[in-house]
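Enquirer: Take a look at this one; I'll ask things after.
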Ligand SMILES: Cc1cc2nc3c(=O)[nH]c(=O)nc-3n(C[C@H](O)[C@H](O)[C@H](O)COP(=O)(O)OP(=O)(O)OC[C@H]3O[C@@H](n4cnc5c(N)ncnc54)[C@H](O)[C@@H]3O)c2cc1C
Ligand code: SF4
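Chains as they are written, first to last, in my numbering: chain A, 3 to 222; chain B, 341 to 681.
Take a look at the structure:
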């Protein structure tokens, strides 16, 4: 059985593939299923390359799937994705996963493309009672900044590790967490690299947040 | 230079052809590497001299001695291997009545971020090559008396499936070490696509880190559960044929007040119903800054008895090497911090 069939992947048309920051792209494709914001899909460019996982970064009312991906140097899939043009084909699964947010008050923490599930939640109108602490190195890495500013207002906290961005905390997300009181009642959702997730989780626990209030999605 | 040790027969065929050697030379090299365990290419005396010279220009055997060892009062030894800057891993040698087991690492660090794991706190540095996995066995002073190998050290083996499959092929193939696959167990947190591939391509035993039968609780302990939920992991395992010699077991670390009450016993027996398997209960060895503690001895004993009474074969794993940083990854993390300070 060919891989695409085995993984139940559907052929989907690419609508758009635009660079939103250096080596970071937003890919819009035909939608294969309904989804809950926070879920992901499997996606590949051809049936020989094993699919990789991507959080859905579009809203539930959009008639396409959007994903944000960063090109990994020497990677098997992302360099291929970066060459896609509107009208090309990709292979996508239906949505799955349980990194969803039914809570009233949640603090979202993300770095890099880990912003994707929270973008989906905001674009789906699920941002009331939510705070986003977002980390990136420089101004250009805060893609989709305007949407978050507009929807979350002062609940959108940007941590810029190079220190070049105005109206932001100068330092990493983990430093921000160390420097501030932790809200012990809120739920926390962490998304991004293993290093950021594990370090942030440790800091929150150290500050008295129960591990049962923290859920994490690691882009392994 | 690349290493010959750790190459599969298929890889050796390509290397032999590139060196202008006859096709049968690949098998001869394999026998030198894995049966005779030579330390130099020059010692492969049935390969032509010019062939050996050509090989030596591009390859070494590629063995790395251990860079340190800690020995416990109970005989357990933890060996450190340094494979470069920030690439220190550990292998635990565990002698027991009538058997001796080596617990090997498959990655330097790990990306999976399980809440209870020291290796997870180290972050991910690198996948180990098949050479670096097998070297833990080959360079073990106790190799000649080794009876079992478990892939339960640092890293998630199925996040590095290619090298785990290569190394286990070399351990079990007739041109390799010729071990029975029953002597080898690979442990996973349940990365389903890789687990399916492993079940199809290998005959080695499988161990799955379970730790709670409830999805919500498992997500808090193991972020991977968002991607590969437990019920799908169990479903995948149940589809496989376990009626022959191959075994599946479930690792269950006992955390006080988290996963050790009657609800867990009932749910475990429900989800494992109909599967020929064993549950291995493990005492938790605390790691720095962990919110988790181990269940009491009484609770662990009771848990075992109640699961057995429900028809789920359950054992308690003996704690070994507690005086030498028994928690997996603790020793190498200390080594990493020492080198960085
Ligand atoms: C639940 C989940 C959701 C994800 N969502 C997204 C998303 O929304 N956007 C996105 O860009 N990516 C996401 N990823 C990561 C994605 O699935 C791919 O792993 C990534 O795009 C790289 O694919 P590749 O084939 O180009 O690189 P690969 O060929 O897989 O890797 C190339 C090299 O980079 C190394 N490498 C890959 N990933 C890592 C890592 N995390 N840490 C260290 N080294 C690494 C590999 O070891 C390899 O040597 C997600 C992963 C998971 C598990
Ligand atoms: S328990 Fe295994 S998979 Fe989980 S973080 Fe530790 S080494 Fe990785």
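Beta carbons are placed, not taken as given, at the ideal position from N, Cα and C, and that holds for glycine. If you're wondering where the values come from, they're calculated on a predicted model, not measured in any experiment.
Of all the CB atoms in chain A, is at least one closer than 8 Å to the CB of residue 493 of chain B?
Expert: In the second chain, counting from the first residue as 1, residue 493 of chain B sits at position 153. Answer no: the Cβ-Cβ gap between residue 493 of chain B and chain A never drops below 8 Å.
Enquirer: Where does the unbroken beta strand (DSSP E) through residue 482 of chain B begin, and where does it stop?
Expert: What you label residue 482 of chain B is simply residue 142 of the second chain in a count that begins at 1. That residue, residue 482 of chain B, is in no beta strand (DSSP E); it is neither H nor E in DSSP.
Enquirer: Going by DSSP in three states, residue 4 of chain A sits in which element: helix, strand or coil?
Expert: Along the first chain, read from residue 1 onward, the residue named residue 4 of chain A stands at position 2. Its pLDDT being 49, under 50, residue 4 of chain A is placed unreliably by the model, and nothing is read from it.
Enquirer: Within 10 angstroms of its Cβ, does residue 358 of chain B collect 16 or more other Cβ (buried), or is it exposed?
Expert: Locating residue 358 of chain B in the second chain gives position 18, where the first residue counts as 1. Exposed is the call here.
Enquirer: Using a C-beta to C-beta distance shorter than 9 Å, which residues of chain A count as neighbours of residue 460 of chain B?
Expert: Here residue 460 of chain B refers to the residue found at position 120 of the second chain. Ordered by position in chain A, the residues that pass the 9 Å Cβ test against residue 460 of chain B are 196, 200.
Enquirer: In whole angstroms, what separates the C-alpha of residue 365 of chain B from that of residue 356 of chain B?
Expert: By one-based count along the second chain, residue 365 of chain B stands at place 25. By one-based count along the second chain, residue 356 of chain B stands at place 16. So the two alpha carbons sit approximately 6 Å from each other.
Enquirer: With distance defined between alpha-carbon atoms, name the residue in B/545, B/481, B/460, B/604 nearest to residue 617 of chain B.
Expert: In the second chain, counting from the first residue as 1, residue 617 of chain B sits at position 277. Comparing Cα-Cα distances from residue 617 of chain B to each of B/545, B/481, B/460, B/604, the minimum goes to B/545.
Enquirer: Start and end of the alpha helix (DSSP H) containing residue 643 of chain B?
Expert: Residue 643 of chain B sits at position 303 when you count from the first residue of the second chain. Taken as a continuous stretch (DSSP letters only), the alpha helix (DSSP H) holding residue 643 of chain B covers 637-649.
Enquirer: Taking 5 Å as the limit, name every residue whose beta carbon sits nearer than that to some heavy atom of ligand 2, in sequence order.
Expert: Listed along the chain, these residues meet the criterion: B/450, B/452, B/454, B/457, B/459, B/460, B/496, B/529.
Enquirer: What residues in its chain sit with their C-beta under 6 Å from that of residue 580 of chain B, if we drop five residues either side in the sequence?
Expert: By 1-based counting over the second chain, the position of residue 580 of chain B is 240. Result list for residue 580 of chain B: 539, in chain order.
Enquirer: Please list the partners that residue 626 of chain B has in chain A, where partner means a Cβ-to-Cβ separation under 8 Å.
Expert: Numbered from its first residue, the second chain carries residue 626 of chain B at position 286. The premise fails here: residue 626 of chain B is roughly 14 Å from chain A at the closest Cβ pair, so nothing lies under 8 Å.
Enquirer: I believe residue 474 of chain B touches residue 345 of chain B by the beta-carbon criterion, under 8 Å. Please report the beta-carbon distance rounded to the nearest angstrom.
Expert: Translated into positions along the second chain, residue 474 of chain B becomes position 134. Translated into positions along the second chain, residue 345 of chain B becomes position 5. About 7 Å separates the two Cβ atoms, so the contact holds.
Enquirer: Report buried or exposed for residue 516 of chain B, applying the criterion of at least 16 other Cβ atoms within 10 angstroms of its Cβ.
Expert: Looking up residue 516 of chain B in the second chain gives position 176. By the 10 Å Cβ count, residue 516 of chain B comes out buried.
Enquirer: Thinking C-alpha only, which one of B/393, B/342, B/374 is nearest residue 360 of chain B?
Expert: In the second chain, residue 360 of chain B corresponds to position 20, counting from 1. When each option's Cα is compared against that of residue 360 of chain B, the closest is B/393.
Enquirer: Is it buried or exposed for residue 494 of chain B, if we count other Cβ within 10 angstroms and need 16 for buried?
Expert: Working through the second chain from its first residue, we reach residue 494 of chain B at position 154. Buried, because 16 or more other Cβ atoms sit within 10 Å of the Cβ of residue 494 of chain B.
Enquirer: Which residues mark the beginning and the end of the beta strand (DSSP E) in which residue 440 of chain B is found?
Expert: Within the second chain, residue 440 of chain B is the residue found at index 100, counting from 1. Residue 440 of chain B -> beta strand (DSSP E) spans 439-443.
Enquirer: Let me check understanding here. Comparing Cα to Cα, which of A/108, A/13, A/142, A/45 lies closest to residue 79 of chain A?
Expert: Position 77 of the first chain, counting from 1, holds the residue named residue 79 of chain A. It is A/45.
Enquirer: List, in order along the chain, the chain A residues whose C-beta lies closer than 7 Å to that of residue 364 of chain B?
Expert: Sequence index remark: in the second chain, residue 364 of chain B carries index 24 (1-based). Ordered by position in chain A, no residue passes the 7 Å Cβ test against residue 364 of chain B, which lies about 32 Å from the chain.
Enquirer: Less than 8 Å separating the beta-carbons of residue 463 of chain B and residue 454 of chain B?
Expert: Taking the first residue of the second chain as position 1, residue 463 of chain B is located at position 123. Taking the first residue of the second chain as position 1, residue 454 of chain B is located at position 114. No. Outside cutoff.
Enquirer: So what's residue 39 of chain A in DSSP terms, helix, strand or just coil?
Expert: Looking up residue 39 of chain A in the first chain gives position 37. Residue state, collapsed to three classes: coil.
Enquirer: Starting from residue 609 of chain B, trace the alpha helix (DSSP H) both ways and give me its first and last residue.
Expert: As a position in the second chain, residue 609 of chain B is number 269, starting the count at 1. Element bounds for residue 609 of chain B: 602-611.
Enquirer: Following the continuous alpha helix (DSSP H) through residue 191 of chain A, name the residue where it begins and the one where it ends.
Expert: The residue given as residue 191 of chain A occupies position 189 in the first chain. Run containing residue 191 of chain A: none in the alpha helix (DSSP H); it sits in the beta strand (DSSP E), 189-194.
Enquirer: Using a Cβ-Cβ cutoff of less than 6 Å, which residues in the same chain neighbour residue 424 of chain B once the five nearest sequence positions on both sides are dropped?
Expert: Residue mapping note: residue 424 of chain B aligns to position 84 of the second chain, counting from 1. Cβ neighbours of residue 424 of chain B beyond the five flanking positions: none.
Enquirer: According to DSSP, residue 527 of chain B sits in a beta bridge with which residue or residues?
Expert: Counting from 1 along the second chain, the entry for residue 527 of chain B is found at position 187. BP columns for residue 527 of chain B point to B/547.
Enquirer: Report yes if the C-beta of residue 219 of chain A is less than 7 Å from at least one heavy atom of ligand 1; otherwise report no.
Expert: Here residue 219 of chain A refers to the residue found at position 217 when the first chain is read from its first residue. Because some heavy atom of ligand 1 lies under 7 Å away, the Cβ of residue 219 of chain A counts as near it: yes.
Enquirer: In angstroms with no decimal places, state the Cα-to-Cα distance between residue 83 of chain A and residue 627 of chain B.
Expert: Working through the first chain from its first residue, we reach residue 83 of chain A at position 81. Working through the second chain from its first residue, we reach residue 627 of chain B at position 287. When rounded, the distance between both Cα atoms is 41 Å.
Enquirer: Distance cutoff 8 Å, beta carbons only. Does residue 4 of chain A sit that close to anything in chain B?
Expert: Counting from 1 along the first chain, the entry for residue 4 of chain A is found at position 2. With a pLDDT of only 49 at residue 4 of chain A, under 50, the local geometry of the prediction cannot be trusted, and the value read off the model is given with reservation. So no, residue 4 of chain A is outside the interface.
Enquirer: Measure from the alpha carbon of residue 657 of chain B to the alpha carbon of each residue in B/615, B/609, B/633, B/590, then state which is nearest.
Expert: As a working note, residue 657 of chain B is residue 317 in the second chain. It is B/590.
Enquirer: Closer than 7 Å: is that where the CB of residue 534 of chain B sits relative to any heavy atom of ligand 1?
Expert: By one-based count along the second chain, residue 534 of chain B stands at place 194. False, no ligand heavy atom lies under 7 Å from that Cβ.
Enquirer: So for residue 408 of chain B, helix, strand or coil by DSSP?
Expert: Within the second chain, numbered from 1, the residue matching residue 408 of chain B stands at position 68. Strand at residue 408 of chain B.
Enquirer: Using only the alpha-carbon positions, how far apart do residue 13 of chain A and residue 215 of chain A sit?
Expert: Translated into positions along the first chain, residue 13 of chain A becomes position 11. Translated into positions along the first chain, residue 215 of chain A becomes position 213. Spanning the two alpha carbons is a distance of roughly 38 Å.
Enquirer: Counting C-beta neighbours from all protein chains within 10 Å, is the total for residue 476 of chain B 16 or more, i.e. buried, or is it exposed?
Expert: As a first step, residue 476 of chain B is located in the second chain; it is residue number 136 there, counting from the start. When all chains shown are included, residue 476 of chain B counts as buried.
Enquirer: Please identify the residue among B/543, B/353, B/445 whose C-alpha is closest to the C-alpha of residue 512 of chain B.
Expert: Working through the second chain from its first residue, we reach residue 512 of chain B at position 172. Comparing Cα positions, the closest option is B/543.
Enquirer: I'd like the list of long-range same chain contacts for residue 574 of chain B, defined as Cβ closer than 7 Å, with 5 residues on each side in sequence excluded.
Expert: Residue 574 of chain B sits at position 234 when you count from the first residue of the second chain. The answer, listed in chain order, is 611.
Enquirer: Touching or not, the segment 157-174 of chain A and the segment 345-354 of chain B, by the rule of three or more beta carbon pairs under 8 Å?
Expert: As far as the Cβ criterion goes, the segment 157-174 of chain A does not touch the segment 345-354 of chain B, which means the pair count is below three.
Enquirer: Would you say the beta carbon of residue 428 of chain B comes nearer than 7 Å to a heavy atom of ligand 1?
Expert: The residue given as residue 428 of chain B occupies position 88 in the second chain. No, ligand 1 has no heavy atom inside 7 Å of this Cβ.
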